[in-house]
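Notes follow once the structure below has been shown.
Protein chains: 2
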Amino acid sequence: MVLSKSSHYALRAALYIARHPESGYVSIKEITRELDLSFHFTTKLLQRLTQARLLLSCQGPKGGVRLARPPKNINLRQIVEAIEGPELFTGCLLGLNQCSDDHPCPVHRSWTGVRQRVTNLFEKTTLAQLVEPSHKNKLRLTNLE
Amino acid sequence: MVLSKSSHYALRAALYIARHPESGYVSIKEITRELDLSFHFTTKLLQRLTQARLLLSCQGPKGGVRLARPPKNINLRQIVEAIEGPELFTGCLLGLNQCSDDHPCPVHRSWTGVRQRVTNLFEKTTLAQLVEPSHKNKLRLTNLE
DNA sequence: TATATTTAAGACAAAGATGTCTTAATTAAC
DNA sequence: GTTAATTAAGACATCTTTGTCTTAAATATA
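Here the protein sequences line up with chains A and B, keeping their order. To get my numbering, take the position in the first sequence, counting from 1, and add 254. To get my numbering, take the position in the second sequence, counting from 1, and add 254.
This is the structure:
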């Protein structure tokens, strides 16, 4: 798996929040009901996004979470990195420590090239792009059946 | 992490086996001693590679494992898929089931493109390429320190 | 054949990821 | 202020991955 389940859930929740037209808070209850996720588990994932300053949260009635800034200023790498750290974007394909141009593993050079393309995708893809109306037919955020 | 620790270990072990000049069996004791891996855990990983017909094994004195065919005919995808399944090469970035051109998630199109580049790298990279002499300076298979 | 060596296989332990539940803290609305 | 609603936080359970240990099976060699 490229991403952990936690990242899957966090990305889907972030997209749900981003596509909410009103700029108010969205309750986590609603998010998890609509996306069919565990409420408590997702709450903790969204707490991490809040701590990473990607979301704002508010307790009490009418509370919930919202994006901390315009969706065009939040990209997929920021979300993934807040949940599971930078390993995906920096790690050696063989899991070796200090793998670098100076001390490369056998796949270092070719992997670095492909990994950069992965990183580019995550960095240049923003929440805004993924929820814009022309993408309406691609807004599926839930499992089928 | 792109790959599991199990895949890391299996790839490193496979490269160690491939770079052995003699075509005889290499003992798993030697592999795990040289690569600083757990003997029993690695043994089971190599069993999976044997079951996937990537390796041959032999018990008893002078026994061990060897490549089941020339290293130019074993690529990285085969090894990874034998260890952790095809998810990396086929899965949805958001973890959704049945994500396809017909029922795409918001990142389906762009992820499919990048995922294909990852797949290409794993498929076109063979053990032979990674152990050929011109790569000698890139044969690091162990952690530093 | 007997022995030593090696992989095969399975039980089990430890660690980490995932998921559930309870209580505390905060806040809107009455 | 009281109440209800909501996130924050932590304890705990379950499942998966990773790692260890023991025993069985196979095989080369003497």
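Built from N, CA and C at the ideal position, the CB exists for glycine as well.
Taking DSSP as the reference, what is the three-state secondary structure of B/G318?
In the second sequence, counting from the first residue as 1, residue 318 of chain B sits at position 64. The answer is strand: DSSP assigns B/G318 an E or B state.
Using a Cβ-Cβ cutoff of 9 Å, what residues of the region 351 to 367 of chain B are near chain A? List them in chain order.
Going along the region 351 to 367 of chain B in chain order, one finds N351, Q352, C353, H357, P358, C359, P360, V361, H362, R363, S364, W365 and G367 with a Cβ nearer than 9 Å to chain A.
Name the residues in the region 304 to 320 of chain A whose C-beta lies less than 9 Å from a C-beta of chain B; which are they?
Listed by position along the chain: nothing, the set is empty.
Buried or exposed for A/N329, going by 16 or more other Cβ atoms inside 10 Å?
By one-based count along the first sequence, residue 329 of chain A stands at place 75. Its Cβ being crowded by 16 or more others within 10 Å, A/N329 is buried.
Would A/I333 and A/L300 be called neighbours here (beta carbons separated by less than 8 Å)?
Working through the first sequence from its first residue, we reach residue 333 of chain A at position 79. Working through the first sequence from its first residue, we reach residue 300 of chain A at position 46. No, these two residues do not count as a Cβ contact at 8 Å.
Output needed for A/P324: all residues of its chain with C-beta closer than 8 Å, excluding positions within five of it in sequence on either side, in chain order.
As a first step, residue 324 of chain A is located in the first sequence; it is residue number 70 there, counting from the start. So the list reads A382, once near-sequence residues are dropped.
Please decide whether B/R323 counts as near chain A, where near means a Cβ-Cβ distance under 8 Å.
For the purposes of this step, residue 323 of chain B is taken as residue 69 along the second sequence, with counting starting at 1. No, its Cβ sits nowhere closer than 8 Å to a Cβ of chain A.
Just curious, the alpha helix (DSSP H) that B/L381 is in, first and last residue?
The residue given as residue 381 of chain B occupies position 127 in the second sequence. B/L381 -> alpha helix (DSSP H) spans L381 to V385.
Please report the distance separating the alpha-carbon of B/A268 from that of B/C312.
For this step, residue 268 of chain B is matched to residue 14 along the second sequence. For this step, residue 312 of chain B is matched to residue 58 along the second sequence. Going by the C-alpha atoms only, they are around 16 Å apart.
Under the three-state reduction of DSSP, which class applies to B/V372: helix, strand or coil?
Here residue 372 of chain B refers to the residue found at position 118 of the second sequence. Residue state, collapsed to three classes: helix.
In three-state DSSP terms, what is A/N327?
Residue mapping note: residue 327 of chain A aligns to position 73 of the first sequence, counting from 1. Residue state, collapsed to three classes: helix.
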